[in-house]
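Before any comments, here is the structure.
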Amino acid sequence: MVDCDWSNLPEELLHMIVLLLFSVVELKRFRSICRSWRSSTSGVNRNNPFPSRPRIHFDPIDPSETLSSDDSYISRPGAFLSRAAFFRVTLSSSSSKGWMIKSDMDINSGRFRLLNVLSRYPLRLYSESIDLLEFTVSEIREAYTVLNTAKRRSATKGYQRSAPVKVKEGEGHRDGVLGIGRDGNINYWDGNVLSELKQMGDHFSDIIVHKGVTYVLDSKGNV
Numbered sequence: 033m034v035d036c037d038w039s040n041l042p043e044e045l046l047h048m049i050v051l052l053l054f055s056v057v058e059l060k061r062f063r064s065i066c067r068s069w070r071s072s073t074s075g076v077n078r079n080n081p082f083p084s085r086p087r088i089h090f091d092p093i094d095p096s097e098t099l100s101s102d103d104s105y106i107s108r109p110g111a112f113l114s115r116a117a118f119f120r121v122t123l124s125s126s127s128s129k130g131w132m133i134k135s136d137m138d139i140n141s142g143r144f145r146l147l148n149v150l151s152r153y154p155l156r157l158y159s160e161s162i163d164l165l166e167f168t169v170s171e172i173r174e175a176y177t178v179l180n181t182a183k184r185r186s187a188t189k190g191y192q193r194s195a196p197v198k199v200k201e202g203e204g205h206r207d208g209v210l211g212i213g214r215d216g217n218i219n220y221w222d223g224n225v226l227s228e229l230k231q232m233g234d235h236f237s238d239i240i241v242h243k244g245v246t247y248v249l250d251s252k253g254n255v
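Note that this note's numbering has the sequence shown beginning at 33, numbered continuously upward.
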């Protein structure tokens, strides 16, 4: 077997690898390998695969003007699209067993925090950091919902499960949101107007974004 000094890989190759990473955690782990790998990411901001994501404020036109249904889709002032992510954490020395964690970013401090995996409420007691040399952290999936307020963390009824979308506008795009309500219907906000996609049916249970692709799951398990 031929030994290989991974720290001497060409910088062009390292930069190509960086651009194929799909999460901030992967980027941090890549940077932790050695000095040459860390320095190879110094210019990644010019083609940053993980730009900071502005908060999407959910501020639709009054539903009474766009929907014929009741107030189940009304959102309070201050509602916004909240992103969380699920991760698998294993010991670097043994990947046969692991833990699942859930995290989001605190909108006040900008720091990541751990959440209860069954809800969106922050855990009170947890380690402030994870040693990426001791543990392997892999992002499993993203999860979105429209929260009425950051403090109460209650989801808007029509957008219990949500996903961000880009709406074409002239030569550019604006932010929109697809969501599944408590009634199983798919709802759509194009950045201005709410609409209910009745032609899609009312039997949907989940919607996720994985590696930039949106998937919708119905009650029969079909994607």
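Don't be surprised by glycine CBs; every beta carbon is placed ideally from N, CA and C.
Predicted, not measured: the structure shown is a model, and the values here were computed from it.
- Proximity winner among Glu171, Phe236, Ser151 and Trp221, relative to Arg206 (alpha-carbon distances): Trp221
- Same chain, Cβ closer than 6 angstroms to Tyr191, five either side skipped, listed in chain order: Val178 and Gly211
- Task: Using a threshold of 8 angstroms, state whether the C-beta atoms of Ala187 and Thr246 are closer than that.
- Result: Between Ala187 and Thr246, the gap from beta carbon to beta carbon reaches 8 angstroms or more.
- Are Leu123 and Asp136 closer than 8 angstroms when you measure CB to CB? no
- Message: At a threshold of 7 angstroms, does Arg120 count as lining the ligand GTP (C-beta to nearest heavy atom)?
- Response: With respect to small molecules bound, the structure shown includes none, and the ligand GTP cannot be examined in it.
- Message: Using the three-state DSSP reduction, which class does Tyr191 fall into: helix, strand or coil?
- Response: helix
- Candidates Glu43, Arg61, Trp38 and His47: which alpha carbon is nearest Ser161's? Arg61
- Any idea which residues DSSP pairs Phe112 with across the strands? Paired residue(s): His89 and Leu179.
- Message: If I measure Cβ to Cβ from Ser170 and keep anything under 7 angstroms in the same chain, skipping five residues before and after, which residues do I get?
- Response: Excluding residues within five positions, the ones whose Cβ falls inside 7 angstroms are Phe119 and Arg120.
- Item | With 16 other Cβ atoms within 10 Å as the buried cut-off, status of Lys198 | exposed
- Same chain, Cβ closer than 8 angstroms to Tyr90, five either side skipped, listed in chain order: Sequence inspection shows Phe at residue 90; the Tyr mentioned does not correspond to that position. Hits under 8 angstroms: Ser107, Ala111, Phe112, Leu113, Val178, Thr188, Tyr191, Val209 and Trp221.
- Does DSSP classify Arg63 as helix, strand or coil? helix
- Task: Taking His235 as part of the alpha helix (DSSP H), name the residues at either end of that continuous run.
- Result: Run containing His235: none; DSSP gives neither H nor E here.
- Could you check the C-alpha separation between Asp250 and Thr168 for me, to the nearest Å? 32 angstroms
- With a CB to CB cut of under 8 angstroms and the five nearest residues on each side skipped, what residues in its chain are close to Val255? Tyr247, Val248 and Leu249
- Item | beta strand (DSSP E) segment containing Leu147, residue limits | Phe144 to Leu147
- Task: Could you check what DSSP says for Ile49 in three-state terms: helix, strand or coil?
- Result: If DSSP states are grouped into helix, strand and coil, Ile49 belongs with the helices.
- Item | Residue from Glu166, Arg145, Leu150 and Arg115 whose Cα sits closest to the Cα of Arg156 | It is Arg145 whose Cα lies nearest to the Cα of Arg156.
- Query: If you draw a straight line from the alpha carbon of Leu59 to that of Leu53, how long is it in whole angstroms?
  - Reply: Taking the CA atoms as reference points, Leu59 sits about 7 angstroms from Leu53.
- Compute the beta-carbon to beta-carbon distance between Leu51 and Ser72, rounded to the nearest angstrom, for a pair I have assumed lies under 8 angstroms. About 11 angstroms separates the two Cβ atoms, so there is no contact after all.
- Item | Beta-carbon proximity check, Arg152 vs Ala116, cutoff 8 angstroms | The beta carbons of Arg152 and Ala116 sit closer together than 8 angstroms.
- Query: Which stretch, first to last residue, makes up the beta strand (DSSP E) that contains Trp38?
  - Reply: Trp38 -> no beta strand (DSSP E), and no H or E assigned at all.
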